[in-house]
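S.K.: All residue numbers for the sequence shown refer to our numbering, where the first residue is 3 and numbers rise by one. Even for Gly, the Cβ is constructed at its ideal location relative to N, Cα and C. Have a look at this one before I ask anything.
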Amino acid sequence: MNQQLVEVSVVIPLLNEQDNIKPLYQQLTQALTGVHEYELIFVDDGSKDGGYNALADIHKADGRVKVIRFRRNFGQTAALSAGFAHAKGDIIVAIDADLQNDPADIPAMIKKLHEGFDVVSGWRKKRYDNAVTRLLPSKTANWIISKITGVRLHDFGCTLKAYRREILCETRLYGEMHRFIPVLASWAGARICETVVNHRPRTAGVAKYGLGRTWKVMLDLITVKFLGSYSTKPIYIFGGLGLFCGLLAVLSGLIVLYQKFLSAGHLPMNRNPLLLLTVLFVTATIQFVLMGLLAELLVRTYHESQNRPTYAIREILE
3 MNQQLVEVSV
13 VIPLLNEQDN
23 IKPLYQQLTQ
33 ALTGVHEYEL
43 IFVDDGSKDG
53 GYNALADIHK
63 ADGRVKVIRF
73 RRNFGQTAAL
83 SAGFAHAKGD
93 IIVAIDADLQ
103 NDPADIPAMI
113 KKLHEGFDVV
123 SGWRKKRYDN
133 AVTRLLPSKT
143 ANWIISKITG
153 VRLHDFGCTL
163 KAYRREILCE
173 TRLYGEMHRF
183 IPVLASWAGA
193 RICETVVNHR
203 PRTAGVAKYG
213 LGRTWKVMLD
223 LITVKFLGSY
233 STKPIYIFGG
243 LGLFCGLLAV
253 LSGLIVLYQK
263 FLSAGHLPMN
273 RNPLLLLTVL
283 FVTATIQFVL
293 MGLLAELLVR
303 TYHESQNRPT
313 YAIREILE
């Protein structure tokens, strides 16, 4: 991230939100009137409409507006990551560009950070989304994430969040992991709080997410849990699975020997299906242990390798 020059940076990822850009800009400037120095960072994630032209016009009229334009669509997480990397504020706020998040909630979230919290997460307590494709999957995913990670939030998917700069400096984002920043921050010892924010119905543009995103979130949850619990010791999980398979192999093998030599039927080993199961468990044991060793090598390489961004920027206006 760049050297700190402003008090608050607001990062706005967007994709084909042409009709919402100017109203959002006006609402943001109105909400931030009490902030001495701030910047607005719009990240155009490969939009195909005329949104970039609108952003360029706003940039020319207001020097506090920065525009980052991707060469193609890389996804919301990459857009947020780019915005965070170019932010100069001590406080960084992320907000959606669809006007469903209310910029008027930002000052209250900044106030929470000044009270000593490191991350303030928005909670859309009353949502104006489709119950089947958005609300039910969201509630289910939030419950699962809270149970697995131990971080109790009602709304991990709400983009409207406020962060202290140092929290984001230590966080690398991939996949759909922007929603898991509070989890990663909490595991690092950050103080997390949640505040109810206003959620508004969409009045322009088209929603970009539906049921198809749910399985991606679940897979990313597995990744986050692995990174949080086993990122520096993957041999523990793979080795543990290997030992478990080894115990099953011993148990299955003993049953085969018992049926061959001690039981009344003296079942021949070559006709006993448990022998094949024993061989399968032995093979799985070896594979899991070797996989754990390979994971150890990969993890060490990962931690020692250079950090590379997950996006390619076409141009920056600043």
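Less than 8 Å between the CB atoms is what I'm expecting for serine 123 and aspartate 157, so what's the real figure, rounded?
M.R.: Indexing the sequence shown from 1 puts residue 123 at position 121. Indexing the sequence shown from 1 puts residue 157 at position 155. 7 Å between Cβ atoms; contact.
S.K.: Work out the CA separation of arginine 136 and valine 67 for me, nearest whole Å.
M.R.: The sequence position of residue 67 within the sequence shown is 65, counting from 1. The sequence position of residue 136 within the sequence shown is 134, counting from 1. Valine 67 and arginine 136: Cα-Cα distance of roughly 32 Å.
S.K.: For the beta strand (DSSP E) containing leucine 44, name the first residue and the last one.
M.R.: Position 42 of the sequence shown, counted from the start, is the residue given in the question as residue 44. Contrary to the premise, residue 44 reads as phenylalanine rather than leucine in this sequence. 40-46 is the extent of the beta strand (DSSP E) around phenylalanine 44.
S.K.: Rounded to whole angstroms, what is the Cα-Cα separation between phenylalanine 182 and tryptophan 125?
M.R.: In the sequence shown, residue 182 corresponds to position 180, counting from 1. In the sequence shown, residue 125 corresponds to position 123, counting from 1. The straight-line gap from Cα to Cα measures roughly 14 Å.
S.K.: Strictly under 8 Å for the Cβ-Cβ distance: is tyrosine 40 near chain E by that measure?
M.R.: As a matter of chain content, chain E is missing from the structure shown, which is built from one protein chain.
S.K.: By Cβ distance, which residues of its chain are closer than 6 Å to alanine 206, with the 5 residues on each side in sequence left out?
M.R.: Translated into the one-based positions of the sequence shown, residue 206 becomes position 204. Hits under 6 Å: Asp21, Asn22.
S.K.: Answer yes if the segment 93-110 comes into contact with the segment 67-76, meaning at least three C-beta pairs across the two stretches below 8 Å, and no otherwise.
M.R.: Cβ pair count under 8 Å is below three, so no.
S.K.: Beta carbon of valine 219, beta carbon of threonine 151: below 8 Å?
M.R.: For the purposes of this step, residue 219 is taken as the residue at position 217 of the sequence shown. For the purposes of this step, residue 151 is taken as the residue at position 149 of the sequence shown. No, these two residues do not count as a Cβ contact at 8 Å.
S.K.: Who are the Cβ neighbours of methionine 293 in its own chain at under 6 Å, not counting the five residues just before and after it?
M.R.: Position 291 of the sequence shown, counted from the start, is the residue given in the question as residue 293. Cβ neighbours of methionine 293 beyond the five flanking positions: Phe240.
S.K.: What first and last residue would you give for the beta strand (DSSP E) that runs through leucine 16?
M.R.: Along the sequence shown, one-based indexing puts residue 16 at 14. Looking at the DSSP string, the run of the beta strand (DSSP E) that includes leucine 16 is 8-16.
S.K.: Let me know the secondary structure DSSP gives isoleucine 288 once reduced to three states.
M.R.: By 1-based counting over the sequence shown, the position of residue 288 is 286. Here isoleucine 288 sits in helix by DSSP.
S.K.: My understanding is that glycine 85 touches tyrosine 40, with C-beta atoms under 8 Å, so please give their C-beta distance in whole angstroms.
M.R.: Working through the sequence shown from its first residue, we reach residue 85 at position 83. Working through the sequence shown from its first residue, we reach residue 40 at position 38. Their Cβ separation, rounded to whole angstroms, is 14 Å, which puts glycine 85 and tyrosine 40 out of contact at 8 Å.
S.K.: Contact check, glycine 327 vs leucine 17 under 8 Å by CB: the rounded distance?
M.R.: Here the chain covers residues 3 to 320 and nothing more, so residue 327 does not appear.
S.K.: Report the three-state DSSP secondary structure of arginine 174 (helix, strand or coil).
M.R.: Working through the sequence shown from its first residue, we reach residue 174 at position 172. In this structure, arginine 174 counts as coil in the three-state DSSP scheme.
S.K.: Using a 10 Å radius around the Cβ and a threshold of 16 neighbouring Cβ atoms, would you call tyrosine 27 buried or exposed?
M.R.: By 1-based counting over the sequence shown, the position of residue 27 is 25. That one is buried.
S.K.: Is isoleucine 14 closer than 8 Å to valine 45 when the C-beta atoms are compared?
M.R.: Mapped onto the sequence shown, residue 45 falls at position 43. Mapped onto the sequence shown, residue 14 falls at position 12. Yes, Cβ-Cβ distance for valine 45 and isoleucine 14 is below 8 Å.
S.K.: Hey, quick one: how far does the beta strand (DSSP E) through phenylalanine 72 stretch, first residue to last?
M.R.: Indexing the sequence shown from 1 puts residue 72 at position 70. Where phenylalanine 72 is concerned, the enclosing beta strand (DSSP E) stretches over 67-72.
S.K.: So, helix, strand or coil for serine 123, using DSSP?
M.R.: Walking along the sequence shown from the start, residue 123 turns up at place 121. Serine 123: strand per DSSP, three-state reduction.
S.K.: Below 8 Å on the Cβ atoms is my contact criterion, and I expect valine 199 with aspartate 107 to pass it. Report the Cβ-Cβ distance as a whole number of Å.
M.R.: Position 197 of the sequence shown, counted from the start, is the residue given in the question as residue 199. Position 105 of the sequence shown, counted from the start, is the residue given in the question as residue 107. Right, the Cβ-Cβ distance comes to about 4 Å (below 8 Å), so this counts as a contact.
S.K.: Terminal residues of the continuous beta strand (DSSP E) containing glycine 91?
M.R.: By one-based count along the sequence shown, residue 91 stands at place 89. Note, glycine 91: beta strand (DSSP E), 91-96.
S.K.: Contact check, asparagine 272 vs glutamine 261 under 8 Å by CB: the rounded distance?
M.R.: The residue you call residue 272 lines up with position 270 of the sequence shown. The residue you call residue 261 lines up with position 259 of the sequence shown. Between glutamine 261 and asparagine 272 the Cβ distance is about 12 Å, and since that is not below 8 Å, they are no contact.
S.K.: Kindly provide the ranges of any beta strand (DSSP E) runs that are 3 or more residues long and lie completely inside the segment 156-205, ordered along the chain.
M.R.: Correct list: 163-166, 194-198.
S.K.: Cβ atoms of lysine 128 and threonine 197: under 8 Å apart, would you say?
M.R.: Translated into positions along the sequence shown, residue 197 becomes position 195. Translated into positions along the sequence shown, residue 128 becomes position 126. Result no, Cβ atoms of threonine 197 and lysine 128 do not sit closer than 8 Å.
S.K.: How is leucine 277 classed by DSSP in three states: helix, strand or coil?
M.R.: Position 275 of the sequence shown, counted from the start, is the residue given in the question as residue 277. Helix.
S.K.: Using DSSP with H/G/I as helix, E/B as strand and the rest coil, what is leucine 264?
M.R.: To locate residue 264, count along the sequence shown from 1; it is residue 262. Coil at leucine 264, not helix or strand.
S.K.: Specify, as a first and last residue, the run of the alpha helix (DSSP H) that asparagine 144 falls within.
M.R.: The residue given as residue 144 occupies position 142 in the sequence shown. That run of the alpha helix (DSSP H) goes 138-151.
S.K.: Which residue comes first and which comes last in the alpha helix (DSSP H) that contains asparagine 55?
M.R.: Taking the sequence shown and counting its residues from 1, one reaches residue 55 at position 53. Start and end: 53-63.
S.K.: Which first and last residues belong to the alpha helix (DSSP H) in which histidine 116 is found?
M.R.: As a first step, residue 116 is located in the sequence shown; it is residue number 114 there, counting from the start. Looking at the DSSP string, the run of the alpha helix (DSSP H) that includes histidine 116 is 108-116.
S.K.: Look up asparagine 103 in the DSSP assignment and give the residues it is bridged to.
M.R.: Taking the first residue of the sequence shown as 1, we reach residue 103 at position 101. Answer is His201.
S.K.: Need the endpoints of the alpha helix (DSSP H) that aspartate 21 sits in, please.
M.R.: Position 19 of the sequence shown, counting from 1, holds the residue named residue 21. It spans 20-33 - the alpha helix (DSSP H) in which aspartate 21 sits, taken as one unbroken run.
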